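According to our numbering, the residues represented by the sequence shown are 671 to 1257, in order.
Built from N, CA and C at the ideal position, the CB exists for glycine as well.
Computed from a predicted model, the values in this text were never measured in an experiment.
Here's the structure we're looking at; comments come further down.
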Amino acid sequence: MEFSLLNDEPVSGPGDDLLGAGRAARELARLLHGSRAATPFTLAVDAGWGMGKSSLMRLVDAELGARQGVHTVWYNAWTSTGADALEGLIKSVLVRFDRRVLRRALQRVSERRALVGVFRAALTVLSGPLGAAALVDRLWQDLSVDARSRNAMRDALRELTAEWTASAPHDTRRLLVVFIDDLDRCSEETVLAVCEAVKVYLDVPGLAFVIGCDRSALGPDGLLRDLSPAGSAFMEKVLQTSYRVPVPAASEVRAYVDACARRSGIQDLLDDHLAELIARRSARNPRRIKRLLNGFGLESALNPVWQAYSAEAVIRVLLLQQLYPDFYRVLLARDGADVHAAREFLRYRAARRVLGRPFARPVEGDWDVAVGCLRAYGLIAPERDGGDGAQDWSELLARLEEQLPTGFPDLALDANFGRLVEDLMALDEVDDLVGRLQQGVPQLASVRADDGPEPARAGTARRPYTGMEILWVDDHPERNTRFVDALEERGARVRVATGRDGAERAFVADRIDLLVSDVQRGSDRAAGLTDLAGWRESGLYRGPAVFFTNRVTPNREALARAVDARVATSEALLLRSVQEAYEQTVL
671 MEFSLLNDEP
681 VSGPGDDLLG
691 AGRAARELAR
701 LLHGSRAATP
711 FTLAVDAGWG
721 MGKSSLMRLV
731 DAELGARQGV
741 HTVWYNAWTS
751 TGADALEGLI
761 KSVLVRFDRR
771 VLRRALQRVS
781 ERRALVGVFR
791 AALTVLSGPL
801 GAAALVDRLW
811 QDLSVDARSR
821 NAMRDALREL
831 TAEWTASAPH
841 DTRRLLVVFI
851 DDLDRCSEET
861 VLAVCEAVKV
871 YLDVPGLAFV
881 IGCDRSALGP
891 DGLLRDLSPA
901 GSAFMEKVLQ
911 TSYRVPVPAA
921 SEVRAYVDAC
931 ARRSGIQDLL
941 DDHLAELIAR
951 RSARNPRRIK
961 RLLNGFGLES
971 ALNPVWQAYS
981 AEAVIRVLLL
991 QQLYPDFYRV
1001 LLARDGADVH
1011 AAREFLRYRA
1021 ARRVLGRPFA
1031 RPVEGDWDVA
1041 VGCLRAYGLI
1051 APERDGGDGA
1061 QDWSELLARL
1071 EEQLPTGFPD
1081 LALDANFGRL
1091 VEDLMALDEV
1101 DDLVGRLQQG
1111 VPQLASVRAD
1121 DGPEPARAGT
1131 ARRPYTGMEI
1141 LWVDDHPERN
1151 TRFVDALEER
1161 GARVRVATGR
1171 DGAERAFVAD
1181 RIDLLVSDVQ
1191 RGSDRAAGLT
1201 DLAGWRESGL
1211 YRGPAVFFTN
1221 RVTPNREALA
1231 RAVDARVATS
1241 EALLLRSVQE
1251 AYEQTVL
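Rendered as C-alpha cells:
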C-alpha cells in the first residue's frame, strides 16, 4: 500500500474544495465587493476548530482577486503577541498601498512635526529608492514616536487610505479586504491588540475586515471571560456581523471521506461501512477526518507492531482507538471474564438480546452464548422454556451489566460500533493482535483521540508534588512505567509493590500519602479492592486511594466507594486524584 499524507493546510483554490464551500465563498465575495460604499465594516467567519474557517476565507480571497479594484491582505494573528500584533496588523495593511502614496504620507507626517532633525532625516529617506516595507517602517516610526503623534495616527491612516482608494486607474474606488485568521488561538492581550488596531486605527473608509474565529471561544465563557462589561461591549462593536460556517451535510462529509481516502491511497481499505463510521464519528469535522486518516497511515507504515498483521485488522483497531477511546482502554485491560473486551462485548450483546425479550424465541446460537456469558460472572441462566417471569430476566440483565464496563449498554445500541467489532472479530488474527496490544505497544501519538488545538506547553519543568510519597501496587508494574516516571518528574517519590505483602511492608516502613492500586491480580478479579478493605479495617492504611484501571464497571465503582477510594481510567483523572491527595496530606 502506497500511503501519502494529507495536507492539513487551508484550501488554496476551487480545485481543493472538497466540501463545496465555493458557493458560500462566491456569495461572500459578492457581498464584500458590493458593500464597498459601506466601509469600514467587519465580518466574522465563525466556526469551531477544524470546521473550515480558514479554507472558506482562502476561497473568498481567491474570488476577490479576480475582481477589479479589490486588493487583499492576509494576516495570521497567531504569529504575533501582545502589542506586536497591533503594529504587525497595521503594517500589513500599509504595505499593500502604493509606494508613491506611502511617500506622500510620510512627507506629510514629517512636515507636521516640529523637530527639524527628524524632518531632515525623513527627507533623506524620501530621496532614496526605498521599497514599500522600508517606507512603512519609517512611517510607523514617525507616527508612534510619542503619545501626541500616536493619537493622530488614526487621522493619518484615514487620509492615507482615502488617497489610496481614490487613486484607482478606473472610475470605481479601490477596496482593501483584510483577512485576519486564528484570532481565537491568541492570548487575551493579543486579541485586544488586534481589535484595537481594527476599531481604533483602521476603522476608515476603504477597508473591510474578515476575521476568522470561534466566537464562543471569544465569549464571556471563553478566552475573554475576565473582560469588563466595557471590554465586552467593545468586542461586540468590533465583530459587527457574523457568518456561521454551516456543519457539512452528511452526504458531503461522506464524499469528503472518500476523496481523502483516495488522495491518501487507502481507499481500498475503507469499505462503505468504515467510511460511513468515520463520517459519523468525526463530528463532521474535516480536520479530524484528515488527522484520523493520516494517523492510520503513519501508524501502519512506521510502527513495527502492525507489520505482522493485515491492514484490515490494523485499520479497525485504530478506528476503535480513535473513535471509541473508552472502549479501546477496556480492550487493553486483561481483567475481564473473557480474553478481551471485544469478545466480551459480543457475548454481552447476545445475552442482552435474550434477556431483553423473555417471551421471544432467541436467535439461533444466542441462547448458548447468553448462558456462557452469565455463568462467567457467577449468574444462573433462567429456564429457557418458561418458569421465570419477565421481571426476573430484566433483573438478571441488570445484575450482569453491573459487572460489565459502564459503556457497554450504550455501545450495544450503536449499530456502527457493533459492526466494527463484528468485522474485527471475524479476522483470524484478532486474538493474537489484541494480546499483543495488551502486552504494551509503543504509540506514535500521530493522532490524539480528543483532536483539538494544541495546548501551550510550559517552558520550564514544574515539580508540584515535591515531598509526596506514593505507593503503586500492581502485579504488572511494567505497564505503569510511563505514569510512574511522570509522577517522579513532578517531584513525587513512587514506591512500587507487586502484591499485598510488598504493599504492607511499604506501609510499615514509610509514610504513604497516596495509594494507587490495580483491581485484578492474576485470577482474582477483586484483589485490589479486597486488600484495601482489609487495610482500612486493620488501620494499616487510611489515606487517599485510587484504583487505576482501564475497566470500570458499576460494581467496581460501588465497591471502591465502599472503601473510600476512587477509580481513574486515564492519566488526567489519575493526576487529579494525585493533586487532591497532595493538598490533603502534604500541604
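For residue i, count neighbouring C-beta atoms within 10 Å of its own C-beta (all shown protein chains included) and say buried if the count is 16 or more, exposed if not.
| i | result |
| --- | --- |
| Pro899 | exposed |
| Gly798 | For Gly798, the predicted model reports a pLDDT of 47, less than 50, meaning its position is unreliable; a value from the coordinates is still stated below. Burial call: exposed. |
| Asn677 | exposed |
| Gly685 | exposed |
| Val771 | buried |
| Phe1029 | exposed |
| Lys907 | exposed |
| Asp731 | buried |
| Pro974 | exposed |
| Gly752 | exposed |
| Asp1283 | Residue 1283 lies beyond the range of the chain shown here (671 to 1257); nothing can be said about it. |
| Gln1190 | buried |
| Gln1254 | exposed |
| Ala1126 | In this prediction, Ala1126 scores a pLDDT of 41, lower than 50, which makes its location untrustworthy; the coordinate-derived value is nonetheless stated afterwards. Label assigned to Ala1126: exposed. |
| Gln977 | exposed |
| Ala792 | Its pLDDT being 46, under 50, Ala792 is placed unreliably in this model, and the value from its coordinates should be taken loosely. Ala792 comes out buried. |
| Leu1083 | exposed |
For residue i versus residue j, is the C-beta distance shorter than 7 angstroms?
| i | j | result |
| --- | --- | --- |
| Val848 | Ala755 | no |
| Asp1183 | Val1256 | yes |
| Ser912 | Asp716 | yes |
| Ala931 | Leu940 | yes |
| Val1041 | Ala1051 | yes |
| Cys883 | Leu853 | yes |
| Ala1187 | Gly1198 | Ala is not the amino acid found at residue 1187; the sequence shown has Ser there. Yes. |
| Leu846 | Leu877 | yes |
| Arg1163 | Ala1176 | no |
| Arg958 | Gly720 | yes |
| Ile760 | Ala826 | no |
| Arg1133 | Arg1152 | no |
| Ala1235 | Phe1217 | yes |
| Leu1185 | Ala1215 | yes |
| Val880 | Leu713 | yes |
| Arg923 | Arg1221 | The residue asked about is misnamed: residue 923 is Val in this sequence, not Arg. Contact: no. |
| Tyr1018 | Leu1074 | yes |
| Ala1179 | Ala1173 | no |
| Arg885 | Trp748 | no |
| Asp1036 | Ala1020 | yes |
| Pro1079 | Gly722 | no |
Could you tell me whether the Cβ of residue i comes closer than 7 angstroms to any Cβ of chain C?
| i | result |
| --- | --- |
| Gly752 | The question asks about chain C, but that chain is absent: this structure has only one protein chain. |
Report all residues from its chain with a CB closer than 6 angstroms to the CB of residue i; omit the five preceding and five following residues, and keep chain order.
| i | result |
| --- | --- |
| Tyr1252 | Tyr1135, Met1138 |
| Leu675 | Asn964 |
| Glu1072 | Pro1224, Asn1225 |
| Leu1081 | Phe1087 |
| Ile948 | Val927 |
| Val917 | Arg954 |
| Gln1108 | Leu1002, Arg1004 |
| Asn746 | Asp851, Asp852 |
| Pro1032 | Val1024 |
| Pro680 | Ser724, Ser725, Arg728 |
| Leu698 | Val730 |
| Val1154 | Val1164 |
| Leu1229 | Leu1199 |
Spatial neighbours of residue i within its chain, please: CB distance less than 7 angstroms, with the 5 preceding and 5 following residues excluded, ordered by chain position.
| i | result |
| --- | --- |
| Phe673 | Ser934, Gly935, Ile936, Gly967, Ala971 |
| Asn1150 | Trp1142, Asp1144 |
| Ala1007 | Glu1014, Ala1046, Tyr1047 |
| Trp1063 | Leu1025, Pro1028, Pro1052 |
| Arg706 | Arg843, Leu845 |
| Thr1239 | Arg999, Thr1219, Asn1220, Val1222 |
Can you give me the Cβ contacts of residue i inside the same chain, cut-off strictly under 8 angstroms, excluding the 5 residues immediately before and after it?
| i | result |
| --- | --- |
| Pro875 | Thr709, Pro710, Arg828, Thr831, Ala832, Thr835 |
| Phe904 | Cys865, Lys869 |
Is there at least one non-hydrogen atom of the ligand GTP closer than 6 angstroms to the beta-carbon of residue i?
| i | result |
| --- | --- |
| Asp1145 | For the ligand GTP, the structure offers nothing, since it holds no ligand at all. |
So does the segment 1076-1096 actually touch the segment 1043-1050, counting three or more Cβ pairs closer than 8 angstroms?
Touching, no, given that fewer than three Cβ pairs across the two stretches are closer than 8 angstroms.
Under 8 angstroms: do the segment 760-770 and the segment 722-739 share three or more Cβ pairs, one atom per stretch?
no
Whether or not the segment 972-990 and the segment 1093-1102 are in contact is what I'm after, with contact meaning three or more pairs of Cβ atoms, one per stretch, closer than 8 angstroms; do they touch?
yes
What alpha helix (DSSP H) runs, 4 residues minimum, are completely inside the segment 1160-1216?
1170-1179, 1197-1208
Scan the segment 845-920 and note each continuous beta strand (DSSP E) run of 3 residues or more that stays entirely inside, going in chain order.
845-851, 877-883, 911-914
Contained alpha helix (DSSP H) runs [length at least 4] in the segment 1031-1104, N- to C-terminal order:
1036-1046, 1060-1072, 1078-1081, 1085-1095
Mind pulling the beta strand (DSSP E) runs of 3 or more residues that sit fully within the segment 725-761?
740-746
At what residue ranges does the segment 910-981 contain a whole run of the alpha helix (DSSP H), taking only runs of 4 or more?
920-934, 942-951, 956-972
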